[in-house]
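Asker: Handing you a structure now.
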Amino acid sequence: MYATRYSKPKNIEEAISALQAAEDGKLLAGGMTLIPTLKQRLAAPDCLIDLCAVGLSGIAEEGDALVLGAMSCHAEVESSADVQKHLPALSLLAGGIGDRQVRNCGTIGGSIANNDPAACYPAAVLALAARITTSKRTLSADDYFTGMFETALEEDEIITKISFPKTHKASYAKFGNPASRYAMVGVFIAETDVGGLRVAITGAGQDGVFRHSGLEAALADSFDVAAIDAVDIDDSELMSDIHASADYRAHLIKEMTKRALQAIG
Amino acid sequence: MAQLSISVNGQRHENDVADNMLLVDYIRETLALTGTHIGCDTSQCGACVVHVNGVSVKSCTMLAIQADGAEVTTIEGISDGENLHPMQEAFHEQHGLQCGYCTPGMVMSAIELVATNKDLSEQDIREGLEGNICRCTGYHNIVKAVQTAANKMQR
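Taken in sequence, the protein lines are chains H and P.
With positions in the first sequence counted from 1, the corresponding number in our numbering is that position plus 100.
With positions in the second sequence counted from 1, the corresponding number in our numbering is that position plus 1192.
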């Protein structure tokens, strides 16, 4: 790891100042992606700004929404009684990320700020039409994800919380990489008042998470497994890598959509 | 350099550490507690698992300074003097190790697994130890050991 400077701001204002003062500062949330990246010398930030003491943790119910602090770790989301009660699909998703030790550290804010094309959370955020609040504004999920490892976040903008609508009509099915548990394909189906019926796919798209209009139209027509077979999955913009070909991923999209649908019942 | 104040196995330590020092290197090099192993160094194998404030983490994927103010427990800190922790005893009884390299991490992960889950099935244990890899592939007896320890610890 290259030399760097560590700082632990006490509040969000201090964190923003530290970020602005640094030449190439990086925010440190759970560190489950950032620290391995630093160890491989794939990044050389002059300053690491640890968000652990900024006060962004906690899960709260606010009317029809569940609000997750950006620093909520996956294990907290998995075991939260509120999440299990009002948005069980999100609890299951969180419990399927990485392994126990990764879930004890990795955070939802870190995951969606990084927007890894194979991460699980972006599919939930997009399918549930969640709202992302930052130190500057509130963004809709549609405006937030802008491409592979790309988001609408500005250089000195920090995610503070993510607000999900409560629903039981939601489900996530993932075909995980056997070693890393990252999604080779993950499909999140949800129906909410704010977003309507959505099918969001992670792990497959060359531009990261995306909604599949063909699957959404088919399910709007008939919310049934049989409706999925007739949908055409174009593989021309899907990823091909050592883990799976685009063609195989297209097949997995249908299969995971079926499994997600069956879990909703 | 950063000033680290940390409690490891109940003992307080104050050290100046490099900002980029990993927790596992601090434990092994500075404190000479070499029971915590480095296996893959890419957060996959779990040989470096320790408890930070009671929660299992991979110490190769955390900076030492991130644990400032924390209570850390390593494999050296779980026995009561000469009396082994029930999990260690169960690994011994069930022959839950071959070369032993993964064992400290397995034991630390398993202690958290048993402490946070009741009525663990074999499948629960296998899934719960997903973050720990045994290159000898000695999983069968590791699972038996965790089951044995769970029976004792939860009785």
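Idealized CB from N, CA, C, for every residue including glycine.
These numbers come from a predicted model, not from an experiment.
Can you round the beta-carbon distance between residue 311 of chain H and residue 299 of chain H to whole angstroms, since I take them to be within the 8 Å contact cut?
Answerer: As a position in the first sequence, residue 311 of chain H is number 211, starting the count at 1. As a position in the first sequence, residue 299 of chain H is number 199, starting the count at 1. Indeed, because the Cβ distance is near 6 Å, the residues count as touching under 8 Å.
Asker: Where does residue 1247 of chain P sit, in a helix, a strand or coil, going by DSSP?
Answerer: Counting from one through the second sequence, the residue named residue 1247 of chain P turns up at place 55. Three-state DSSP puts residue 1247 of chain P in a strand.
Asker: Indicate whether the contact test is met: 3 or more Cβ pairs, each with one atom in the segment 1249-1261 of chain P and one in the segment 1208-1215 of chain P, closer than 8 Å.
Answerer: In short, these stretches touch, since the Cβ pair count reaches three.
Asker: Chain H partners of residue 1257 of chain P, CB-CB under 7 Å?
Answerer: In the second sequence, counting from the first residue as 1, residue 1257 of chain P sits at position 65. Under the 7 Å cutoff, chain H gives 106.
Asker: Counting only Cβ pairs nearer than 9 Å, list the residues of chain H close to residue 1217 of chain P.
Answerer: Counting from one through the second sequence, the residue named residue 1217 of chain P turns up at place 25. The premise fails here: residue 1217 of chain P is roughly 10 Å from chain H at the closest Cβ pair, so nothing lies under 9 Å.
Asker: Within the same chain, show all residues whose beta-carbon is closer than 7 Å to that of residue 176 of chain H, passing over the 5 residues directly before and after it, in chain order.
Answerer: Against the first sequence, residue 176 of chain H aligns to sequence position 76. Once the five neighbours on either side are set aside, the close Cβ partners of residue 176 of chain H are 159.
Asker: Just verifying my parser: in three-state terms, what is the DSSP assignment at residue 1258 of chain P?
Answerer: The count along the second sequence starts at 1 and reaches residue 1258 of chain P at position 66. In this structure, residue 1258 of chain P counts as helix in the three-state DSSP scheme.
Asker: Whose Cβ in chain P lies nearer than 7 Å to the Cβ of residue 204 of chain H?
Answerer: The sequence position of residue 204 of chain H within the first sequence is 104, counting from 1. Correct list: 1247, 1248, 1249.
Asker: Where does residue 351 of chain H fall in DSSP's three states?
Answerer: In the first sequence, the residue the question calls residue 351 of chain H occupies position 251. The answer is helix: DSSP assigns residue 351 of chain H an H, G or I state.
Asker: Would you check if the distance between the CB atom of residue 1243 of chain P and the CB atom of residue 1264 of chain P is smaller than 8 Å?
Answerer: If you number the second sequence from 1, residue 1243 of chain P lands on position 51. If you number the second sequence from 1, residue 1264 of chain P lands on position 72. Cβ atoms of residue 1243 of chain P and residue 1264 of chain P: closer than 8 Å.
Asker: At the 8 Å Cβ level, is residue 1212 of chain P part of the contact set with chain B, yes or no?
Answerer: Absent from the structure: chain B. Protein chains present are H and P.
Asker: Go to residue 205 of chain H, then tell me how far its alpha helix (DSSP H) extends in each direction, as first and last residue.
Answerer: Stepping through the first sequence from its first residue, residue 205 of chain H is reached at position 105. Residues 200-205.
Asker: Considering only the beta carbon of each residue, do residue 195 of chain H and residue 206 of chain H sit closer than 8 Å?
Answerer: The sequence position of residue 195 of chain H within the first sequence is 95, counting from 1. The sequence position of residue 206 of chain H within the first sequence is 106, counting from 1. No, they are not a contact pair.
Asker: I'd like to confirm the pairing. Which residues does DSSP put opposite residue 233 of chain H in its beta bridges?
Answerer: Residue numbering aside, residue 233 of chain H sits at position 133 when the first sequence is read from its first letter. DSSP lists H:238, H:261 as partners of residue 233 of chain H.
Asker: Where does residue 1232 of chain P fall in DSSP's three states?
Answerer: Looking up residue 1232 of chain P in the second sequence gives position 40. The answer is coil: DSSP assigns residue 1232 of chain P none of H, G, I, E or B.
Asker: My understanding is that residue 315 of chain H touches residue 328 of chain H, with C-beta atoms under 8 Å, so please give their C-beta distance in whole angstroms.
Answerer: Numbered from its first residue, the first sequence carries residue 315 of chain H at position 215. Numbered from its first residue, the first sequence carries residue 328 of chain H at position 228. The Cβ separation is near 7 Å, so the contact holds.
Asker: Kindly confirm or deny that the segment 177-186 of chain H and the segment 272-288 of chain H touch, where touching means at least three C-beta pairs closer than 8 Å.
Answerer: At 8 Å Cβ cutoff, the stretches do not touch.
Asker: At a Cβ cut of 8 Å, what residues of the segment 1232-1243 of chain P count as close to chain H, listed as they run along the chain?
Answerer: Those would be 1233, 1234, 1235, 1236, 1238, 1241, in chain order.
Asker: To test your reading of the DSSP string, which unbroken alpha helix (DSSP H) runs of 4 or more residues are found completely within the segment 124-149 of chain H?
Answerer: As far as the segment 124-149 of chain H is concerned, its whole alpha helix (DSSP H) runs of at least 4 residues are 134-139.
Asker: Give the interface partners of residue 1322 of chain P over in chain H, defined as CB-CB distance under 8 Å, in chain order.
Answerer: For the purposes of this step, residue 1322 of chain P is identified with residue 130 of the second sequence, where counting begins at 1. Neighbours of residue 1322 of chain P on chain H, chain order: 199, 200, 281.
Asker: How should residue 178 of chain H be labelled, buried or exposed, when 16 other C-beta atoms within 10 angstroms of its C-beta is the threshold for buried?
Answerer: Taking the first sequence and counting its residues from 1, one reaches residue 178 of chain H at position 78. That one is buried.
Asker: In this structure, does DSSP put residue 1266 of chain P in helix, strand or coil?
Answerer: By 1-based counting over the second sequence, the position of residue 1266 of chain P is 74. Coil at residue 1266 of chain P, not helix or strand.
Asker: On the DSSP bridge assignment, give the partners of residue 311 of chain H in chain order.
Answerer: If you number the first sequence from 1, residue 311 of chain H lands on position 211. DSSP output for residue 311 of chain H lists H:300 as bridge partner(s).
Asker: Do you know whose CA, among H:117, H:104, H:340, H:202, lies nearest residue 133 of chain H's CA?
Answerer: On the first sequence, position 33 is the one that residue 133 of chain H refers to. Cα-wise, what sits closest to residue 133 of chain H is H:202.
Asker: Report the rounded CA-to-CA distance for residue 210 of chain H versus residue 293 of chain H, giving the unit in angstroms.
Answerer: Reading the first sequence from its first residue, position 110 is the one you call residue 210 of chain H. Reading the first sequence from its first residue, position 193 is the one you call residue 293 of chain H. Looking at the two C-alpha atoms, the distance is approximately 27 Å.
Asker: Buried or exposed: residue 291 of chain H, going by 16 or more other Cβ atoms within 10 Å of its Cβ?
Answerer: Along the first sequence, read from residue 1 onward, the residue named residue 291 of chain H stands at position 191. With 16 or more Cβ atoms within 10 Å of its Cβ, residue 291 of chain H is classed as buried.
Asker: If residue 256 of chain H and residue 116 of chain H are in contact, beta carbons under 8 Å, what's the gap, nearest whole angstrom?
Answerer: Reading the first sequence from its first residue, position 156 is the one you call residue 256 of chain H. Reading the first sequence from its first residue, position 16 is the one you call residue 116 of chain H. The pair is a contact, with the Cβ atoms about 6 Å apart (cut-off 8 Å).
Asker: Taking C-alpha atoms, which residue in H:135, H:332, H:156 lies nearest to residue 147 of chain H?
Answerer: Within the first sequence, the letter at position 47 stands for residue 147 of chain H. Looking at the Cα atoms, H:135 is the closest of the given residues.
Asker: Enumerate in chain order the residues of its own chain whose CB-to-CB distance from residue 1287 of chain P is below 7 Å, with the five nearest sequence positions on each side excluded.
Answerer: In the second sequence, the residue the question calls residue 1287 of chain P occupies position 95. Excluding residues within five positions, the ones whose Cβ falls inside 7 Å are 1333.
Asker: Chain P partners of residue 103 of chain H, CB-CB under 9 Å?
Answerer: Translated into positions along the first sequence, residue 103 of chain H becomes position 3. Result: 1210, 1211, 1212.
Asker: Hey, quick one: how far does the alpha helix (DSSP H) through residue 1208 of chain P stretch, first residue to last?
Answerer: Here residue 1208 of chain P is taken as the residue at index 16 of the second sequence, counted from 1. Per DSSP, residue 1208 of chain P belongs to no alpha helix (DSSP H); it is in the beta strand (DSSP E), 1203-1209.
Asker: Identify the continuous beta strand (DSSP E) that holds residue 245 of chain H and give its terminal residues.
Answerer: Residue numbering aside, residue 245 of chain H sits at position 145 when the first sequence is read from its first letter. Counting along the chain, the beta strand (DSSP E) containing residue 245 of chain H begins and ends at 245-247.
Asker: Look up residue 215 of chain H in the DSSP assignment and say whether it is helix, strand or coil.
Answerer: Residue 215 of chain H sits at position 115 when you count from the first residue of the first sequence. Residue 215 of chain H: coil per DSSP, three-state reduction.
Asker: Per DSSP, residue 295 of chain H is paired with what?
Answerer: Translated into the one-based positions of the first sequence, residue 295 of chain H becomes position 195. None; residue 295 of chain H has no bridge partner.
Asker: Could you compute how far the alpha carbon of residue 345 of chain H sits from the alpha carbon of residue 313 of chain H?
Answerer: Here residue 345 of chain H is taken as the residue at index 245 of the first sequence, counted from 1. Here residue 313 of chain H is taken as the residue at index 213 of the first sequence, counted from 1. Distance between the alpha carbons of residue 345 of chain H and residue 313 of chain H is about 22 Å.
Asker: DSSP on residue 120 of chain H, reduced to helix/strand/coil?
Answerer: Counting from one through the first sequence, the residue named residue 120 of chain H turns up at place 20. The answer is helix: DSSP assigns residue 120 of chain H an H, G or I state.
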